[in-house]
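Just so you know, full-length UniProt numbering puts 104 at position 104 of the sequence shown, and the rest follows in order with no gaps.
We put the CB at the ideal spot given by N, CA and C, even for glycine.
To start, the structure under review is shown below, and the notes come after it.
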Amino acid sequence: MNLHNGELYWNTTEYKAMRKNDKKKPAAKYDVIVVGGGMSGALSAYTMKKQGLSVALIDKDQIGHGSTSANTGLLQYSNDIMLHELAQQIGEEDAVLFYKACRKAVQQLKETAAELDYDCSFHSRKSLYFASEQSDAERLQKEFEMLQRHGFEVEYWDRQTIEQHYPFSKEAALITFGDAEVNPLLFSQGVIDKARDMGVDLFEKVDIINYTDGTECVELATSAGDFSAGQIIFAVGYDNAPFLQQKQLELNRSFVVTSSPIEDLGEWKDRALIWETQRPYLYLRTTDDNRIIAGGLDEPFSESGGSRKHLVERAGKLSQQVKALFPMYSFDTDFSWSAAFGESGDQLPFIGRHPEKDRYYYLLGYGGNGTVYSMLGSELLADLIHKRQNPLAGILKIGR
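Here it is in structure tokens:
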């Protein structure tokens, strides 16, 4: 399955001097083996190593690429399902707990970015979440009230306030604080480089042939030799997760365009991340070199949906949507691509221990907040492996 099609902007920013791993043979045994070298795998390996565990990371392809290079790099604690609507689904206490964990994860991503050896364009940002239709203003009002009640920094803007600050008009919007943007490819590669320097063994382009459960460990037969580990973390993105039946996974395709550099983005207040209430939604951000990245127009995944003709049509529509918001900008498309992403039935990620196999753990960050879930999930799995209590475990558990 092709995870993405088209021309990827982030690949032009790749840190060419990225150090490669020279590990040829596995150690006798690892505390943890992470399977999957994307964002979730990188953060899992990094987190486990920081907490004193011996770690190997294995990927069947090139580490640090895959769907990471198609990620748009918006980091938000708000989720595809609003807090007040999630509260109706799982209860207010658990919903608030999850939202606060996402907010904490954005801060942890910021701290991680500061620990890396090179700049990955991490910037704290506000988010503007506007009502797509007049009727959505009531939903935003409810969201504002619940966020404010539980200590989230948030502002409610009416039409007049929006018009004072932006060149477009909407019935209402929320301004949230504590979000961020990042170059996801540089960030992922930076985490992998740092993990390697800390002693994580990296093995890329390695096929896993078989898993054998022992009394003390799991044995892996691979194309690079035999591995042994006390615990296995599967951070395999949208590939099939071994030993799991992913009944709730819905695979979709999203489309993204990146403009050529724009001389002056002064009309874009605070370079806020912008998104909207309708589903699928338009989402927007800027880059260090004054480009606009816009994504959306999600549709059910199919191989035919990745055709060049379809991509050109969707890219043109996205460009028109940007121009409708910012008509003063000349939006000339330099890059366009489509990318697969998965969503769960309840719009929450799957993170936790296998229901029956005690040594197998999963970090499956399905949804529009994948990088935030990767950070949150790596901390949750570290707690589970160290047998520490974490209240998120029951909310995000496998097999729910």
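Under the DSSP assignment, residue 300 falls in the beta strand (DSSP E) whose first and last residues are 292–300.
In this chain, residue 132 is not harboured by any alpha helix (DSSP H), its DSSP state being neither H nor E. In this structure residue 302 is exposed. Its beta-carbon is surrounded by fewer than 16 other beta-carbon atoms within 10 angstroms. According to DSSP, residue 252 shares a beta bridge with 300 and 341.
Contact between residue 362 and residue 352 holds, since their C-beta atoms are separated by about 7 Å, short of 8 Å.
DSSP places residue 209 inside the beta strand (DSSP E), whose first and last residues are 208–213. Contact annotation, residue 336 with residue 6: C-beta distance approximately 5 Å; criterion of less than 8 Å satisfied.
Where residue 4 is concerned, there is no enclosing alpha helix (DSSP H), although the beta strand (DSSP E) around it starts and stops at 4–6.
Taking C-beta atoms as the reference points, residue 285 and residue 273 count as a pair closer than 8 Å. Between the C-alpha atoms of residue 121 and residue 110 there is a straight-line separation of about 11 Å. Counting only residues of its own chain and dropping the five nearest sequence neighbours on each side, residue 82 has a CB closer than 6 Å to the CB of 143.
In the three-state DSSP reduction, residue 353 falls in the strand class (E or B). Along the length of the region 42–125, whole alpha helix (DSSP H) runs at least 4 residues long occupy 83–90 and 92–115, reported in chain order. Annotation: the continuous beta strand (DSSP E) that includes residue 154 extends over 154–158. Around the C-beta of residue 189, 16 or more other C-beta atoms lie within 10 Å, and the residue is accordingly described as buried. Only buried fits residue 59, as 16 or more other CB atoms lie within 10 angstroms of its CB. Here residue 257 carries a strand assignment [DSSP, helix/strand/coil]. Counted as a single uninterrupted DSSP element, the beta strand (DSSP E) harbouring residue 361 occupies residues 360–364.
In the three-state reduction of the DSSP assignment, residue 140 falls in the helix class, which pools H, G and I. In chain order, 228 place their CB closer than 6 Å to the CB of residue 29, counting only its own chain and leaving out the 5 sequence neighbours on each side.
Note on residue 35: 16 or more other CB atoms within 10 angstroms of its CB, so buried under the neighbour-count rule. Counting C-beta atoms within 10 angstroms of its own C-beta, residue 168 has fewer than 16 neighbours from the protein chains shown and is therefore classed as exposed.
DSSP places residue 272 in no beta strand (DSSP E); its state is neither H nor E.
Residue 287 counts as buried, since at least 16 other C-beta atoms from the protein chains shown sit within 10 angstroms of its C-beta. With distances taken between CA atoms, residue 397 lies nearest to 244 out of 244, 324 and 151. With fewer than 16 other Cβ atoms inside 10 Å of its own Cβ, residue 250 counts as exposed.
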